[in-house]
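J.: Sharing a structure, written as structure tokens. Questions coming.
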């Protein structure tokens, strides 16, 4: 049995929602992990970003570091999976999107959390919503505080239901992304054609 064999209910019990005060070390952990990913994937990487709540200073967050890795469109999914396995990542085969929109995880075992947890989101280059969302929160403390209150409320309601916790944030996230795109577009637009990467 492995992590992919667990039901959403089993995952929720094994990995309940935890929220922690912002840890300045998360940025250093991101940088170290990004370096490992660069070494593993090499020139196929187009861009790499620290995303999610751990990338926003001062924001209460699940202590899981999210990293967005954008790869060129000629990449083979199998090569990416093998490279990520070489640095101890587990491929989440429940990902619904087409390759290479893939999810990799580290820090999860059948006994629970182990060490620093990471979620790696591998996708084709695009001006992804997550980039705009984090940028807005970094520059708008009022929105950041509102998001924090929402997360606390959802954690109290859905501590053992990760899917419901995530779904509960959807409306707020979409609202902020819409505002952020009005303010910051085309900050994260692809300025160079990645097809030859």
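In my numbering, the protein residues as written are 1225 to 1421.
For every residue, glycine included, the Cβ atom is placed at its ideal position computed from N, Cα and C.
Every value quoted in this text rests on a predicted model; they were computed, and no experiment measured them.
(1) Suppose the cutoff is 7 Å on Cβ atoms and the five residues either side in sequence are ignored; what does the same chain contact list for residue 1408 look like?
(2) Sorted by chain position, which residues of the same chain lie with C-beta nearer than 6 Å to residue 1313's C-beta, five sequence neighbours on each side aside?
(3) Please report the distance separating the alpha-carbon of residue 1271 from that of residue 1239.
(4) Helix, strand or coil: which one does DSSP assign to residue 1261?
(5) Excluding five sequence neighbours on each side, which residues of the same chain lie with their C-beta closer than 6 Å to the C-beta of residue 1231?
(6) Please confirm whether residue 1226 and residue 1317 have their CB atoms less than 7 Å apart.
(7) Got a sec, what are the start and stop residues for the alpha helix (DSSP H) residue 1347 sits in?
(8) Around the Cβ of residue 1286, are there at least 16 other Cβ atoms within 10 angstroms (buried) or fewer (exposed)?
(9) Take the Cβ of residue 1278 as the centre, count every other Cβ of all protein chains shown within 10 Å, and call the residue buried at 16 or more, exposed below.
(10) Are the CB atoms of residue 1369 and residue 1241 within a distance shorter than 7 Å?
(11) With distances taken from CA atoms, which of 1367, 1392, 1386 and 1352 is nearest residue 1410?
(12) DSSP state of residue 1300, grouped into three classes?
(13) Look at the alpha carbon of residue 1367 and the alpha carbon of residue 1361, and state the distance between them as a whole number of angstroms.
(14) Per DSSP, what kind of secondary structure is residue 1391 in: helix, strand or coil?
(15) Just the C-alpha distance for residue 1405 and residue 1340, rounded to the nearest angstrom, thanks.
(16) Taking 8 Å as the cut-off, does the stretch 1296 to 1305 touch the stretch 1260 to 1269 (at least 3 CB pairs, one atom from each stretch)?
(17) Under a Cβ-count criterion, where at least 16 other Cβ atoms within 10 Å of its own Cβ denotes burial, should residue 1292 be classed as buried or exposed?
(18) Looking only at DSSP bridge pairs, what is residue 1378 linked to?
(19) Which same chain residues, not among the five before or five after residue 1414, have their C-beta less than 6 Å away from its C-beta?
T.: With the given structure in hand:
(1) 1356 and 1359.
(2) Excluding residues within five positions, the ones whose Cβ falls inside 6 Å are 1328 and 1330.
(3) Whole-angstrom Cα-Cα distance: 30 Å.
(4) Shown here, residue 1261 sits in a helix according to DSSP, grouped into three states.
(5) The beta carbon of residue 1231 sits closer than 6 Å to none of the beta carbons in its chain outside the five residues before and after it.
(6) For residue 1226 and residue 1317, no; Cβs fall outside 7 Å.
(7) Not the alpha helix (DSSP H): residue 1347 falls in the beta strand (DSSP E), residues 1336 to 1347.
(8) Within a 10 Å sphere around the beta-carbon of residue 1286 sit 16 or more other beta-carbons, which makes this residue buried.
(9) That one is buried.
(10) Taking C-beta atoms as the reference points, residue 1241 and residue 1369 fail to come closer than 7 Å.
(11) That would be 1352, whose Cα lies nearest to the Cα of residue 1410.
(12) DSSP places residue 1300 in coil when its eight states are reduced to three.
(13) When rounded, the distance between both Cα atoms is 6 Å.
(14) Residue 1391: helix per DSSP, three-state reduction.
(15) Roughly 32 Å between the two C-alpha positions.
(16) Yes: the two stretches touch, three or more of their Cβ pairs being nearer than 8 Å.
(17) With 16 or more other Cβ atoms inside 10 Å of its own Cβ, residue 1292 counts as buried.
(18) Under the DSSP definition of a beta bridge, residue 1378 lacks any partner.
(19) Residues of the same chain with a CB within less than 6 Å of the CB of residue 1414, apart from the 5 flanking positions on each side, are 1349 in chain order.
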